[in-house]
Each structure stands twice: as structure tokens, then as C-alpha cells.
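Student: Below are the C-alpha cells for one structure; questions will follow.
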Amino acid sequence: MSLAFSSAMSLTGSFTADVFAAHLASLPPLPDWWLERKRAAYARFAALPMPTRTDEAWRFSTITSLTLDGFSLPLPSPALPPATIGLPATAELAFVNGFLAAAVPLAAELRARGVIVDTLQHAFHHHEALIREYLLKQTARLGSAKFSALHEAFLTDGAFIYVPRGVELDQPIAVFHHSLTANGAAFPHTLIVAEDLARVTVLEYFGSSDDSQAQLAVGATDLYASHGAQITYVGKQDWSHRALSFHAHANVVRRDARIQSLNLHLGARQARHEALSQLQAPGAFSEMLALTVARENQEFDQRTLQLHQAPNTKSDLLYKNALLDEARTIFSGLIVVDQDAQKTDAYQSNRNLMLSEAAEASSLPGLEIQANDVRCTHGATSSRIDPEQEFYLQSRGIAKSAADELLTFGFFEEVLSRLTNEDLHDALRTLIQTKFKK
Amino acid sequence: MKPPTDTLAAPAAEATDNPVAGIDQTKGDFSYNVAYAFDAGTGLSEDTVRYISSVKKEAPWILEFRLKALKKFLSMPMPTHWATKDLENINFDKIRYYLSQGQKPKRTWDEVPDDIKRTFERLGIPEQERKFLAGVEAQFDSEAAYSNIKEVVAKQGVIFVNSTEGLREHPELFKKFFAKVIPTGDNKFSALNSAVFSGGSFIYVPKGVKVAQPLQAYFRINAENFGQFERTLIIADEGAEVTYMEGCTAPKFSTSTLHSAVVELVALKGAKIQYITVQNWANNVFNLVTKRGIAHEEAEIKWIDCNIGSRLTMKYPGVVLKGRKARGEVISIALANDGQHQDTGAKMVHAADETTSNIVAKSISVGQGRSTYRGVVHIPKHLKGCKNNTECDALLINSHSRTDTYPAITVRGDRNFVQHEASVSKVNEEMIFYMQQRGLTEGQAMSLAVNGFINDLARQFPMEYSVELKRLIDLEMEGSVG
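Line order of the protein sequences matches chains C and E.
No gaps in the numbering here: position 305 of the first sequence is 305 in my numbering, and each next residue is one more.
No gaps in the numbering here: position 64 of the second sequence is 1064 in my numbering, and each next residue is one more.
Following this line, the structure appears as C-alpha cells:
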């Protein structure tokens, strides 16, 4: 059957066994265990089927446009687009097409205290034990096993941030991933490990210089907060508007630790973002935030899992989408409370602001509760700007368009105001407002 | 009512291990040896379908419809990619698809054969009929044994017959809507029902007629390894109003029993249909039911759905809001005890401007029971002024109880409004403590708290049902604490 033939063809798309062999040959010397894992990952990738219309994990997603054909592994590029986080940073790493292009190193004093801000390539040799313990240890539970395997197989370089016990960093660390080649495939990766009582803020940026280039991005960000550690993470995804993006985000939170993550979704034609929070010990707290501005024919597909594995843990999720034009958003969230995770406090909320007649928002807020002494709630709403609020502002002499803009910013503000760092809050507010006006 | 002892055949499992489930089940947990004049045998094939159709003396188009449905059923996979794997435990080859003593229901209880009459008397049906019902149909396995409608109601032109009679005597009326709300291939079990359906009610309420008292159907499974596949179609013509109630019980056998109904409602302009179910199947029944209504302009369809029994219930009553200002509502109560999975929910498809829908679902999981809410709310493009409100609350009583919530909401455009809220909690300890301190036992306090949890929904049931519901919950809760 031609159908079977074509689906067999598209199992690997551009990422054939030959391309993988060439990729392995192009790499500098690497530890055997890692090469072994890459080979195993490639085998998994090649064997797993593409998502189908009936896959529950891909419900409402546009499946037909998920193609891995027509992409190639880009070469290093000499260009380095200007990018700033709008804040002074402790250290910076910038990757272009997956290769390190620029770095602002850590102050010697922090290095002396054991803080690491390094590339994975370098860390494979100099921090091998840590990398081996933490790199890509999160299984894809939300439907993207195939794409996670692709990421592992072709991962070349990324950021490794390690904060030792008791060290607190006041200023953020910034990581930039630029994809600058038409039809290029990028595999950005950031691994953040905060040891007991450590504190760190990391800002990550994903972007292209040209909104008309077709691109593929298959990324991963893993955060580990050990006992009493605090991680604040902000990711800003601004890929080309013709890009296809998959991203896996994992938070692992241990005793009394706290991870606050905020993902801004602005770019790509179709972006799938899978976020997992694992609350492993009492007192763990994960705050999962996301803001999406969906315009034109963009599709943002966000899947989340809050996994409560120990008693007395807390998670709080707030995902807000503003939809314009013919954009589509999908939010599918699941709170899972294990049988012995008593006293869990879990919250999940998805708010969609409908700003056009043709936009479409789907919400699948789910719960799976196996412990009885819990407080779990979720809510989902989809609506336009409240006409009463609009009327109030207009009655005070504010033009309708300005009133709508103000109310939309107010809608975003509920997420942004969760950030306790005021400078960060201000920087992001400016960014999102500029982006929205565009 | 004293249970008869003479021909009590299949010995009802006396005291079950679980005192909680045991007490509740006793009401329906008995069966009689009945000599069936018509038996389609065990297993499903084209011959089974032809047999059913021939004993019913059906028109050729119905046989054709059934055979097509059988093909559809066989070709469709089990929906286990989203539903529970427990579905795989249904052995379609071991089920008996048609058992009856005859196809024509009796009009008076005196004509009903003794053993069947005894069953319904024990369930209290004739008594309820005298008290507050406008009409009753009592289905025993595949066919209605009794069907009657009060003369005053019949005089208004209300038709209340079983599906066999409906298709035979009023084809022009029912054919127009039959299988139009729920197409054969809607899901695997609606296809199965379409192939082997028997029994169920066909109701037509003429223009402007408001039936003051409820019409009731009682579905009884008596035989072991049996599959009951009733098919109900209710048409309320313009401005008409009707309330329909169904109750169901079955004895507890060691083997599993299948109940797979299809219920279609059509509310024409300005009509109102209220459909009330109190499902109290035995814990070996797979209850896989498709229920959907179409509400035309300014019409209203309300499903009140209460699931207490069965091993697995999968039921998501739906309303297609087809006309402007149509309104749909689902009120759902589910109680899952040991060995039970109540997978229930609602489906609201908005297809016209200014349509509104409301879903309120409350579930209680006791012991190792599992309750699941699944919902679909769909507001497609270019509609305006549509509103949906969904609330689902789950109460977990014991540490092994489980609850899941899986709603799916799709909205297009900026002129509609949906909100969904769900919560999971346990019974407030302070509340229990307060009641205990006033002299109630922990069990009594728990019953009171659970009844309080569903009270606002239970009040929407007719009085007789809501009293019964409270009693059932008290019984289910007994001994569940600690």
C-alpha cells in the first residue's frame, strides 16, 4: 500500500541513518557512554511512529504538518545576532546553529566557589560525573518520545549550569540559542543543577533572525533543584514564524526546594511544549507559568504534567494564552497525585483570551488523584475581553483600542507579577508589550 | 415487601464480603428461572441479527440497518486508546443477545406472566405507577413485559410504546429521527446496539402537550450472560414538555453482563425534555450507554444522571444545541465503591448562536472505587453569544479511592464564553469532628457530609428518587470509614 510506504518513509524524515552516521563522524572526541546513548536514542527515534490523529497525547494537535522532511544539520555561522536579556548577567553563553559562538565567563570568585557555567562539549570531559548523572534523565511522558529521542541522537552542544551547595547567585545567567540557517535543524539543550540550598536564576532565549525561514527546533531544558534549592527560570521562545518546534521542559524538585519557571511562547508556526514537574519530597514547590501570544496561523500546543510523588508537596500552574487572527492554542494539563502523596496542594489554570473571530482555543485540564487527603483544583476559561471593563475604561475617555490593549496587558500581568525579581518583571513586561504591539 | 422464596432460582449471593456493597445490592439482587420462548443463543453473528429481526417481524429496511450496523461493529476497534482496558474483558461470544417470552407487551399487570410480574412487584414498579406516573414500561431482558399509558395522557395524542411497536406502527414518525441523533458508527457500542437492539421506549409528545407526570421505564436484566440493548427515541414536538425516568437493576452473577443502550432525544422548537436515570446495576454489569439529544430553537434538554451500580459505566449524555437559544444541561452524580469504575461525563456541542449549556458533575469515590469525569464542550467558529459552564467536584473518602477528570473544551472566536472548574477534596475533618461531638457516630457524620455534598443536585430529582438516592448513599457509606 502506498500509504504504508509513505508512512515508513516519513519515520525518520531528513534524519536518515546516513545523516546520523555523518553527524557522529563530525563530533569531536566524546566519552563512549554518551556515544552509546546517542546510538540507542537514534534507534528509538527511527523505530517510533509519528504521532497519529487518534493518539490521545496529540488530541487537537495538527498532525499533518508534523513533518521531519526537508531539514539539514546546519554548519556554524559567523554571524551573532544582538540579543540581550535587558538585565546585567552573571555569565552568558550564546549558541548559533548549535555551536558555541560567544561567552561571557563567570567571575573568578564564583568559579572558585564551584559554580559552573559551561558548554556540554567541555563539560563531557571536565565534569563527566555530573553530566552522566543528570543529562537527559527525564523520560518523555507527554507524547513526544520520538522527538526526545531525536534530540538526544543529534544533540551537539548546550549549556550546563551547576550551582554548588549553599551558593546564591544574585544576577541571572543567560543562555541564547540562535538558529540562522534556512531549513536548519537545531537541538538546543540547557541543564541546570542547583545543589542543596543553592539559588540561581537562568534566562534562556530561542530565536531566529529571519521570520520567513523554515526551521526545525527540537530542544530540552532540565532543571534539578536539590533540598532547599531555589531556581527561577524564564524561557523565551521566538523562533522563525515558519519553524516547527518541539521542546521538553522538566522540573525535578526535592525536599523544600522551589522551582519557578515561566515560558514565553511567541515564535514558530507550530510549537509543541511539554512541561513536567516532579515533586519528589515533602515541601517541594513547583510554580509553572506560561504566556503565549498566538497570532496569524500559529499553533501552540502545550502539554503539562504535575506529578506529586511525596506528601506535602505543592504545585501551581497558570498558563495564559492571548489569541489573535487565526491562531490556535491547545492546553492539555494533568495533575497526578500518587497514592501516598497525601496533603498535596495542586492547582492548574488555563485562561484563554479570545481576540479574534477565527482564533481557536482547546483546553484539556485533567486530574488523576489517588490520595484522598488532597486539595486539587483546576479551572479553564475562554472568553473575550470583559465588555464591562472595556466600557468602564471607555467611559473614562480611553479609546476602545487603547482600552483593549490595557486590558490585554492586565491579562498578562497576572502571570508576570508572579515573578518576585522586580527587574526581571519589568524587563519581561517591556518585552511582551513591545511584542504584542508589533 | 417480602421476597418470594418458592422459585428463587439462581441463589442471590447472600451476605457479600463487603457489607457496604452488599446491603445496597439486595434490592435488585434476585432472579427467577424463566422459560424463554425466544432465545437467539449465545454469541453474535449475522444469524443472531436475522433471528432477532424475524421474531420481531420487522420491515426489510430495519434488517438491512441491523446488518450494516453489525459490519460496522465488527470493523471498529475498542476505544481503549483513551478508555479503560477493562473493556477488553467483555467476551462478545459468551453473551446472549436476545431472550424474551414474546414481543407484545401486556397492557395490564394481570396479563403479565407470574414470574415476571413478581420481579417488578418486588421492585415496586406497579405501586409507583399508581402513585405518580403517567405511564410505565417494564422491560424484562430483551422485551417489554408490560407497557401502559394513562388514558388521559394517551388521549392527548402522546405515544408511549416500545421500539418494536414504534417502528411497526408509526414508521413515518420514528423513521425520520431514528439513528439520526446517534449514527450507527458513532462508537463501537452504538453500532452493537444498532445491530441487536430490542426494547426501549418510543415516545412522541404532540405539539404543545405538556405531560404533567413522568413517564417511566424500568429495565431489568434477569438472565445470566445476558446483553440488554434497549433503544429509546423521544420526540417532543414544538412546545411540548415531557419528563422520562428510567431505573435499572440486575441480579449479581459471577459472570459479567452487558448493558448497551442507545437513547436519542429530539426536542423541537420550544420543547422541553427532562431525562432522569437512576442506574443501580449489580457490580458485574458493563454499562456502556450512548445518550444524546438534539435541541432545536429555544428548546431545552436536561439529563439528570445518577450512577450508583455497575462494574464499569461509560456514559456521557450529550446535547447538540442546534437551534438559536437552545439550552442543554447535564446533572450528574456518580458513586464508585469497591470494584467499580464510574466513567461518566457530558458532551455539549454548540451549533447555533446564543446557545447555553451547563454541566454539574459530582462524584464520590469510596473504598477502592474509581470515578472519572470526561467531558467535551465544543463551540465552533462563527457562533456568537454561546455560553458554557462546567463544574465538577470529586470527593474521595478513603486513601485507596481514585478520581480522574478529563475535560476537553474547544472554543472558536471572541464572542463566546466558557468556564470550567473542578475540585477534588476529602470530607472536611472539622465538620466530621463537629458532628461527632454532637453525638453522631463517625459513619453517620460521614453519610451526612456526603449527602450534603450532593444535596444541591439530589434536590433536582423528583421527590421519590431523591429520597431513594439519599437512602442508597447512606447504605453505601455504612462501614466505609476507618
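We put the CB at the ideal spot given by N, CA and C, even for glycine.
Out of Ile1304/E, Val1289/E and Gly1208/E, which one is the CA nearest neighbour of glycine 1239/E?
Tutor: The residue with the shortest Cα to Cα distance from glycine 1239/E is Gly1208/E.
Student: Looking at C-alpha atoms only, which residue of Leu1312/E, Gly1345/E, Arg1370/E and Ser1357/E is the closest neighbour of alanine 1326/E?
Tutor: Selected option, being the one with the closest Cα: Ser1357/E.
Student: Look up proline 1407/E in the DSSP assignment and give the residues it is bridged to.
Tutor: Per DSSP, Gly1375/E.
Student: Which residues mark the beginning and the end of the alpha helix (DSSP H) in which isoleucine 1062/E is found?
Tutor: Element bounds for isoleucine 1062/E: 1060-1075.
Student: Any C-beta of chain E sitting closer than 7 Å to the C-beta of methionine 50/C?
Tutor: no
Student: Just to confirm the assignment, what range does the beta strand (DSSP E) spanning serine 1201/E have?
Tutor: 1201-1205
Student: Measure the C-alpha to C-alpha separation of asparagine 1033/E and phenylalanine 1120/E and round it to an integer number of angstroms.
Tutor: 15 Å
Student: Starting from isoleucine 1308/E, trace the beta strand (DSSP E) both ways and give me its first and last residue.
Tutor: Unbroken run through isoleucine 1308/E: none, as it is neither H nor E.
Student: Rounded to a whole number of angstroms, what is the C-alpha to C-alpha distance between asparagine 1451/E and leucine 276/C?
Tutor: 37 Å
Student: Please classify serine 226/C as buried or exposed, where buried requires at least 16 neighbouring CB atoms within 10 angstroms.
Tutor: buried
Student: Could you list which residues in chain C have their beta carbon closer than 7 Å to that of leucine 1366/E, in chain order?
Tutor: Before going on, a small fix: residue 1366/E reads as valine here, not leucine. Those do not exist, as valine 1366/E stays about 10 Å from chain C at its closest Cβ, beyond 7 Å.
Student: Using a Cβ cut-off of 7 Å (strictly closer), state whether phenylalanine 1417/E contacts chain C.
Tutor: Phenylalanine 1417/E counts as touching chain C.
Student: Inspect the beta-carbon positions of glutamate 1265/E and isoleucine 1304/E and report whether they are closer than 7 Å.
Tutor: The question names glutamate, but residue 1265/E in the sequence shown is leucine. Their beta carbons are not under 7 Å apart, which means leucine 1265/E does not touch isoleucine 1304/E by this criterion.
Student: To the nearest angstrom, report how far apart tyrosine 1146/E and isoleucine 1473/E are at their CA atoms.
Tutor: Looking at the two C-alpha atoms, the distance is approximately 30 Å.
Student: Taking the beta carbon of phenylalanine 187/C as the centre, do at least 16 other beta carbons fall within 10 Å, making it buried, or is it exposed?
Tutor: buried
Student: Name the residues in the stretch 1434-1454 of chain E whose C-beta lies less than 8 Å from a C-beta of chain C; which are they?
Tutor: none
Student: When the cut-off is 7 Å and only beta carbons count, does leucine 1469/E lie next to chain C?
Tutor: No, leucine 1469/E does not count as interfacial toward chain C.
Student: Just how far apart, CA to CA, sit glutamate 422/C and leucine 431/C?
Tutor: If you take the alpha carbons of glutamate 422/C and leucine 431/C, they lie about 14 Å apart.
Student: Closer than 6 Å by C-beta to isoleucine 1023/E: which residues in its own chain qualify, once you throw out the five before and the five after it? Chain order, please.
Tutor: With a pLDDT of 33 at isoleucine 1023/E, under the threshold of 50, the modelled position of that residue is not reliable, and the figure given next carries that caveat. Correct list, in chain order: Leu1475.
Student: Rounding to the nearest angstrom, what Cα-Cα distance links isoleucine 1041/E and arginine 1096/E in this structure?
Tutor: In the sequence on display, residue 1041/E carries glycine and not isoleucine. Spanning the two alpha carbons is a distance of roughly 6 Å.
Student: Below 8 Å, can you find three or more Cβ-Cβ pairs linking the stretch 1247-1256 of chain E to the stretch 1161-1168 of chain E?
Tutor: Inter-segment contact for the stretch 1247-1256 of chain E and the stretch 1161-1168 of chain E is absent: fewer than three beta-carbon pairs are separated by less than 8 Å.
Student: In terms of alpha-carbon separation, which member of Arg303/C, Phe176/C and Asn263/C lies closest to phenylalanine 60/C?
Tutor: Ranking Arg303/C, Phe176/C and Asn263/C by Cα distance to phenylalanine 60/C puts Arg303/C first.
Student: Could you name the residues that DSSP lists as bridge partners for glutamate 1421/E?
Tutor: Gly379/C and Glu1391/E
Student: Roughly how far, in whole angstroms, is the beta-carbon of glycine 1369/E from the beta-carbon of aspartate 1338/E, given that I think they are within contact range, below 8 Å?
Tutor: 6 Å
Student: At a Cβ threshold of 7 Å, is alanine 380/C touching chain E?
Tutor: For alanine 380/C, the answer is yes, since a Cβ of chain E falls inside 7 Å of its Cβ.
Student: Can you have a look at glutamine 1025/E and say buried or exposed, based on whether 16 or more other CB atoms are within 10 angstroms of its CB?
Tutor: Reliability fails at glutamine 1025/E, whose pLDDT of 45 lies under 50, so the model's placement of it is uncertain and no value is given.
Student: In this structure, how does DSSP classify glutamate 109/C when only helix, strand and coil are distinguished?
Tutor: helix
Student: Measure the C-alpha to C-alpha separation of valine 193/C and proline 49/C and round it to an integer number of angstroms.
Tutor: 32 Å
Student: Can you name, in chain order, every residue of its own chain whose Cβ lies under 6 Å from the Cβ of alanine 149/C, other than the five neighbours on each side?
Tutor: Ala41, Arg44 and Phe45
Student: Chain E partners of isoleucine 369/C, CB-CB under 8 Å?
Tutor: Correct list: Ala1394, Leu1396, Arg1402, Thr1403, Asp1404 and Val1424.
Student: Check distances from the C-beta atoms of the stretch 338-363 of chain C to those of chain E and list, in chain order, the residues that come in under 8 Å.
Tutor: Cβ contacts with chain E: Gln339, Gln342, Asn352, Met354, Leu355, Ser356, Glu357, Ala358, Ala359, Glu360, Ala361, Ser362 and Ser363.
Student: Rank Asn1307/E, Leu1268/E and Tyr1316/E by C-alpha distance to the C-alpha of glutamate 1298/E and give the top, closest one.
Tutor: The shortest Cα separation from glutamate 1298/E among Asn1307/E, Leu1268/E and Tyr1316/E belongs to Leu1268/E.
Student: Within 7 Å (strictly less), CB to CB, does serine 14/C reach chain E?
Tutor: no
Student: Taking Cβ-Cβ distances shorter than 9 Å, what residues in chain E pair up with glycine 410/C?
Tutor: Ordered by position in chain E, no residue passes the 9 Å Cβ test against glycine 410/C, which lies about 17 Å from the chain.
Student: So, helix, strand or coil for arginine 1220/E, using DSSP?
Tutor: strand
Student: I need the DSSP call for proline 387/C, collapsed to helix, strand or coil.
Tutor: helix
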